[in-house]
Amino acid sequence: MSTSHAAAQDRLFDALTPSIRALALLGCVRSFRKNTVIITEGEMGDSTYVLLSGRVRVYSNDAVGRELTFGVVEAGDYFAEMWLDGGPRSASIITLEPCVCAVVSRADLCKHLASHPDFMLELIARVIRRARTATQTARELALKDVYGRVVSTLEGHQGPATPGAPVLLAPITHQTIASRVGASREMVSRLLKDLERGGYVSLGIRQITLNRKLPARW
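Each residue of the sequence shown is one higher than the one before, counting from 1275 in the working numbering.
1. Glu1371 and Arg1329 look like a contact to me (Cβ under 8 Å); what is the Cβ gap, rounded to whole Å?
2. Cβ of Leu1477 within 8 Å of Cβ of Leu1466?
3. Nearest CA to the CA of Tyr1474: which residue from Ser1463, Arg1486, Gln1481, Ile1482?
4. Taking the runs of the beta strand (DSSP E) that are 3 residues or longer, which of them lie wholly in the region 1294 to 1321?
5. Hey, out of Gly1301, Thr1369, Ser1364, Val1425, whose CA is closest to Val1311's CA?
6. Please name the residue or residues paired with Ser1476 in a DSSP beta bridge.
7. Quickly, what does DSSP pair Ala1376 with across the bridge? List them, please.
8. Classify Gly1430 as helix, strand or coil using the three-state DSSP reduction.
9. Would you list the one or two residues that DSSP bridges to Gly1345?
10. Going by DSSP, which residues form a beta bridge with Ala1444?
11. Which same chain residues, not among the five before or five after Glu1317, have their C-beta less than 7 Å away from its C-beta?
12. If we ignore side chains and look at the alpha-carbon of each, how far apart do Pro1445 and Gly1433 end up?
13. On a CA-only basis, which of Asp1351, Ala1408, Arg1380, Cys1373 is nearest Gly1360? Give me that one, please.
14. Throw me the rounded Cβ distance for the Leu1237 and Gly1456 pair, which I believe falls under 8 Å.
15. If you reduce the DSSP assignment to three classes, tell me which class Ala1439 lands in.
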C-alpha cells in the first residue's frame, strides 16, 4: 500500500465516531464498484460492514422484480448486523456509488461486543429502531393505498408545504419513490402528473417541489 493510499484510508477511519472506528479497525478493508450487490437477501452471512465512504441502498424484491426500499446507509454508519440471531440475511444491499467498507467477521464482532458494553447497548437500541421502522413500513403497506404511501414519502422527511412556503425536495427519481412505497414506477409517475396538474407539485428532472400541502385523498 502506497503512503498516499494509506493516508487516505486513515482519513476515512478518522471520520468515524470513536465507537464505530474501534469496530472498523477490526475489519478488512474492501472496495466495491457502483451497483455492486454486496449482500443478497436470504443468504447466510457472518460479517458486518462499516461503510467508510459511499452510500448503499437496503431493499427487498420478489420473483417478478418488484422492489421495496427500506433505506439508504451513509458513510460513517454500519450495516448487515442482523445475522446475530443466526438467521439468513433479511434484505439485499447494493452500492449507489463506489464504496469502501471495513468488513468485520462474526468472531471479531462478538469479541468487540463482549469488551465494549456501551457499543452493545448502542447495537441493541439500533435493532429496536429498525424493528420500529419495519413495523411502520408494514403499517403503511397494510393500511394506506399507494397514493397515501406516496404522500408519506414526499412529506415525511422535509415536511409538507405551507401557504407561501413551497418545499424543494432533495433530488429523487420516480423509480426511487416507487421502490420506497412498493408500487410500479408507472403508477407513481401517473400520480405525480395528476398532482402537478392540480397545482400541488412542480416536477423537474430528478426534482420535485411541493407547492402546497398534499390532499389526504386523491
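Ideal Cβ positions, reconstructed from N, Cα and C, are used throughout, including at glycine.
Judging by the given coordinates:
1. Walking along the sequence shown from the start, residue 1371 turns up at place 97. Walking along the sequence shown from the start, residue 1329 turns up at place 55. About 6 Å separates the two Cβ atoms, so the contact holds.
2. Stepping through the sequence shown from its first residue, residue 1477 is reached at position 203. Stepping through the sequence shown from its first residue, residue 1466 is reached at position 192. Against a cut-off of 8 Å, the Cβ pair of Leu1466 and Leu1477 comes out as a contact.
3. One-based indexing of the sequence shown puts residue 1474 at position 200. The candidate whose alpha carbon is nearest that of Tyr1474 is Arg1486.
4. Within the region 1294 to 1321, the complete beta strand (DSSP E) runs of at least 3 residues fall at 1302 to 1306, 1311 to 1313.
5. Position 37 of the sequence shown, counted from the start, is the residue given in the question as residue 1311. Residue Thr1369 holds the alpha-carbon nearest to the alpha-carbon of Val1311 among Gly1301, Thr1369, Ser1364, Val1425.
6. Stepping through the sequence shown from its first residue, residue 1476 is reached at position 202. Ser1476 is bridged to Thr1483.
7. Reading the sequence shown from its first residue, position 102 is the one you call residue 1376. Under DSSP, Ala1376 shares a beta bridge with Val1303, Val1324.
8. Counting from 1 along the sequence shown, the entry for residue 1430 is found at position 156. Secondary structure of Gly1430 (DSSP, three-state): helix.
9. By one-based count along the sequence shown, residue 1345 stands at place 71. In DSSP, Gly1345 forms a bridge with Val1332.
10. What you label residue 1444 is simply residue 170 of the sequence shown in a count that begins at 1. Beta-bridge pairing links Ala1444 to no other residue.
11. Mapped onto the sequence shown, residue 1317 falls at position 43. The answer, listed in chain order, is Pro1362, Arg1363.
12. Locating residue 1445 in the sequence shown gives position 171, counting from the first residue. Locating residue 1433 in the sequence shown gives position 159, counting from the first residue. Pairing Pro1445 with Gly1433, the inter-Cα distance amounts to about 15 Å.
13. For the purposes of this step, residue 1360 is taken as residue 86 along the sequence shown, with counting starting at 1. Among Asp1351, Ala1408, Arg1380, Cys1373, the Cα nearest to that of Gly1360 belongs to Arg1380.
14. Beyond the ends of the chain as shown, which are 1275 and 1492, falls residue 1237; an answer cannot be given.
15. Stepping through the sequence shown from its first residue, residue 1439 is reached at position 165. It is a strand residue.
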